[in-house]
Amino acid sequence: MSKTPMSNIKLAHFDLLEEIGHGGLGVVFRAFDPSLNRHVAIKVLKEEFAQDPKFVEDFLRESQNAAAVSHPHIAQIHFVGEADENRYMVMELVPGRSLEQIVQQDGPMPETKALQVAIDVAEALKAGYAVNQMIHGDIKPQNIVVGDECGAKLLDFGLSQLANVEVDDSSDAVWGSPYYISPERVGRKAEDFRSDIYSLGATIFEALVGRPPFDAEDSTELAVKRLNEKPPLLRTLNPNISKRTEQIINKMLHKNLLMRYLDYDALLGELHKAQAAASGHGPMTDTMDLRRMTGYITQSVPVAPPRSQLPVILVASLVSCLLAGGVFYVLLGKKSTQQATPQTAVQPPAAASAATPGPSASPTAGSSAASKEFDKGIEMFDRYLLDCRRKEAAKELQKLNPSTPQEEAQVLTRTKRMNGQGQFKKLLDEDVNKSGYPMQITSRDGKKYAGGTKKASPEGFSISTPTGEISMRMGEIAPETILAMHDYYVKKAVGSEDVAHRNWLAGITAVTLGLKTEGKALMEKAGQEKPVLYSKDKLVEIIGR
Ligand SMILES: Nc1ncnc2c1ncn2[C@@H]1O[C@H](COP(=O)(O)OP(=O)(O)OP(=O)(O)O)[C@@H](O)[C@H]1O
Ligand SMILES: [Mg+2]
């Protein structure tokens, strides 16, 4: 925080003492509140925002939402006010340094400290989500202050929702700090709390090794990398980091939000275990095989140089580059803090398909409202199916309104996938109910259940645990386990007529759950046995090339 002393400037009854820093929305001051005899932080909005009634309305609403969350790891909002045409927010003054300053001044953080920051912030995000399902939307090192006494505190809850106002509505641009924003935001796909999990993963990655997961000379290249490349494994940059921590961060940074943690409790559980192990209080060998579980095997990369300095303000330079048939435009950078990370508006490619397996999500993406609506519907559909929520997917499918031959083809493909997954599940249920599955079941979040399952219904599988029976939907089981179950029953039924059919259905299901290579192999196997029924053309129709 820069310490610019100020002489006796008042805002309402507050004394502004010094500037702490500034960002996209305004300037933050350390101030004194004589009425309560305490120091506070005050964010004064930039003039252009203070005079924009729509912005002010949003600002007040988001501030109220954020003020509803009270948590030891969230900087409390005390008050929003107006004085002399200034709009301002009074907050708790968090003692300490921002995570950005800590890494800049001290270098990478020790693993246990970085994990503690991750735990504190995940707790804060969980608390925010519990109130009105709030997501933060701008997790980055500048928005986390770490003190000696109270651990890490998260700043700016709610405020990131306002950042879009800097871009006029017609531009289709997205805001966010390009080092930490999720691939779904870059690709303009639906975000949820797991987008915060991604940004927290990128932030802790930087805390651990001193550089963000992706780096590039400009924001366009950065966005392209985020959509197309896998982040380096932490241990290739610092071999002293534990495998467990590496796996957690890798899972947080999964391109597909469904493959990140299912909820904050799952994430917190793993972070606590990693922290206990890293501080010598837990099992060091009890590592999760997350990469196998998610099918997300990351390449090793050589140690990279520290983060490049993207310019503080990228002035309206129109940069474009071709990507996956689409065009990226870097429109404008947003002024940020002293050593600021630029906030960048990125227009994404029309068909960035990073998060969805199978054929590209929107080959027909056009500018018309109808086709945007269609693309959104297709995306929701894919998400439901990846999560094995077929009922919801079916509803989504019904809402779709295809208007071109390509859109019709997409609906047909999706329908076939949905039916394939449904038929596969029905057969699997019958098998389980006939002769239980005795092998270990691994959940998507890495928990292992040695007792297998003996009962299945359309709702899910009943799984015995040492503390009783639990029910798990197919979407909550690791896709690899689903395939292992299929394998088990197919082997039992060797010679039976429907093995090809079963492989075909299992293949469709595997592809839909994100295991494209395995799924394709199963479908090809079916094709070798019954080429007329399960032809190459059919395969391409359902899963693409
Ligand atoms: N309540 C607070 N207590 C202590 N320091 C704060 C507080 N609020 C902000 N800061 C500090 O002031 C700096 C500027 O904050 P500000 O939110 O304006 O910018 P930013 O976080 O860099 O960008 P953005 O506008 O996108 O949030 C932050 O990096 C942080 O270190
Ligand atoms: Mg901030």
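Residue numbering for the sequence shown follows this note's numbering, starting at 1262 and increasing by one per position. C-beta atoms are modelled at their ideal positions from N, C-alpha and C, and glycine is treated no differently. Here the structure is a predicted model, which means the values were calculated and not measured.
C-beta atoms of residue i and residue j nearer than 9 Å
i: leucine 1661; j: phenylalanine 1642; result: yes
i: valine 1392; j: asparagine 1326; result: yes
i: leucine 1272; j: alanine 1292; result: yes
i: alanine 1754; j: lysine 1791; result: no
i: proline 1492; j: leucine 1528; result: no
i: histidine 1300; j: leucine 1354; result: yes
i: glycine 1419; j: proline 1333; result: no
i: phenylalanine 1475; j: glutamate 1452; result: no
i: isoleucine 1639; j: glutamine 1671; result: yes
i: lysine 1677; j: glutamate 1507; result: no
i: valine 1288; j: valine 1305; result: yes
i: threonine 1689; j: leucine 1774; result: Checking the sequence shown, residue 1689 turns out to be leucine, not threonine. No. Outside cutoff.
i: valine 1341; j: phenylalanine 1320; result: yes
Inter-residue Cα distance where the pair is residue i and residue j
i: alanine 1388; j: alanine 1375; result: 20 Å
i: histidine 1274; j: methionine 1370; result: 40 Å
i: arginine 1734; j: arginine 1651; result: 11 Å
i: isoleucine 1509; j: leucine 1532; result: 7 Å
i: asparagine 1347; j: glutamate 1318; result: 14 Å
i: tyrosine 1390; j: glutamate 1384; result: 10 Å
i: glutamate 1343; j: leucine 1286; result: 15 Å
i: alanine 1782; j: serine 1421; result: 44 Å
i: threonine 1726; j: proline 1699; result: 13 Å
i: glutamine 1362; j: leucine 1498; result: 21 Å
i: threonine 1665; j: serine 1732; result: 42 Å
i: threonine 1770; j: threonine 1742; result: 12 Å
i: leucine 1278; j: aspartate 1399; result: 27 Å
i: glutamate 1482; j: aspartate 1345; result: 43 Å
i: tyrosine 1750; j: lysine 1450; result: 37 Å
i: glycine 1471; j: lysine 1486; result: 19 Å
i: lysine 1315; j: lysine 1307; result: 14 Å
i: alanine 1484; j: arginine 1521; result: 20 Å
i: alanine 1711; j: methionine 1395; result: 36 Å
i: aspartate 1748; j: aspartate 1798; result: 25 Å
i: aspartate 1526; j: alanine 1379; result: 13 Å
i: glycine 1681; j: asparagine 1501; result: 45 Å
i: proline 1719; j: alanine 1311; result: 54 Å
i: glycine 1284; j: leucine 1776; result: 42 Å
i: aspartate 1524; j: proline 1295; result: 42 Å
i: aspartate 1692; j: tyrosine 1440; result: 47 Å
i: glycine 1448; j: lysine 1637; result: 12 Å
i: arginine 1446; j: aspartate 1759; result: 43 Å
Residues near residue i by beta carbon distance below 7 Å, same chain, minus five either side
i: serine 1503; result: Glu1372, Ala1535, Ala1538, Ala1539
i: serine 1829; result: Summary: the structure shown does not reach residue 1829, with the chain confined to residues 1262 through 1806, and so no result is reported for it.
i: tryptophan 1765; result: Met1784, Ala1787, Tyr1795
i: glycine 1721; result: Ser1732, Met1733, Arg1734, Met1735
i: isoleucine 1702; result: Tyr1710, Gly1713, Thr1714, Ile1724, Ile1738, Thr1742
i: aspartate 1417; result: Asp1399, Asn1404
i: isoleucine 1458; result: Met1513, Arg1521, Tyr1522, Leu1528
i: alanine 1328; result: Ile1338
i: glycine 1697; result: Gly1713, Thr1714, Lys1715
i: valine 1807; result: The structure shown does not extend to residue 1807, since the chain is modelled only from 1262 to 1806, so the question has no answer here.
Rounded Cβ spacing between residue i and residue j (contact assumed at less than 8 Å)
i: leucine 1518; j: serine 1460; result: In fact, because the Cβ distance is near 12 Å, the residues do not count as touching under 8 Å.
i: cysteine 1649; j: glycine 1707; result: 18 Å between Cβ atoms; not a contact.
i: isoleucine 1745; j: serine 1704; result: According to the sequence provided, residue 1745 is alanine. The question's isoleucine does not apply to it. No, alanine 1745 and serine 1704 are not in contact; Cβ-Cβ is about 13 Å, not under 8 Å.
i: alanine 1463; j: valine 1364; result: Incorrect: roughly 13 Å between the Cβ atoms, too far for contact.
i: leucine 1415; j: isoleucine 1338; result: About 12 Å separates the two Cβ atoms, so there is no contact after all.
i: phenylalanine 1466; j: leucine 1488; result: Contact doesn't hold; Cβ gap of about 17 Å is too wide.
i: serine 1438; j: lysine 1401; result: 5 Å
Contact set for residue i: own chain, Cβ-Cβ below 6 Å, skip 5 residues either direction
i: lysine 1716; result: Ser1723
i: valine 1406; result: Val1355, Gly1357, Ser1359, Lys1414
i: glutamate 1653; result: Tyr1645
i: lysine 1695; result: none
i: leucine 1800; result: Met1784
i: proline 1663; result: Glu1669, Val1672
i: glycine 1530; result: none
i: glycine 1768; result: Gly1780, Leu1783, Met1784
i: phenylalanine 1454; result: Tyr1390, Ile1396
Cβ of residue i within 9 Å of any chain D Cβ
i: arginine 1446; result: Of the protein chains in the structure, only one exists, and it is not chain D.
Residues near residue i in its chain [Cβ-Cβ closer than 8 Å; skip 5 each side]
i: asparagine 1269; result: Asp1276
i: alanine 1565; result: In this prediction, alanine 1565 scores a pLDDT of 36, lower than 50, which makes its location untrustworthy; the coordinate-derived value is nonetheless stated afterwards. Hits under 8 Å: Arg1472, Asp1476, Pro1493, Leu1498.
i: alanine 1631; result: Asn1662, Ser1664
| field | Nearest-residue set for ligand 2, Cβ under 6 Å from any heavy atom | value | Residues close to ligand 2 by the beta carbon criterion (under 6 Å to any non-hydrogen atom) are, from first to last along the chain, Gly1284, Gln1403, Asn1404, Leu1416, Asp1417.
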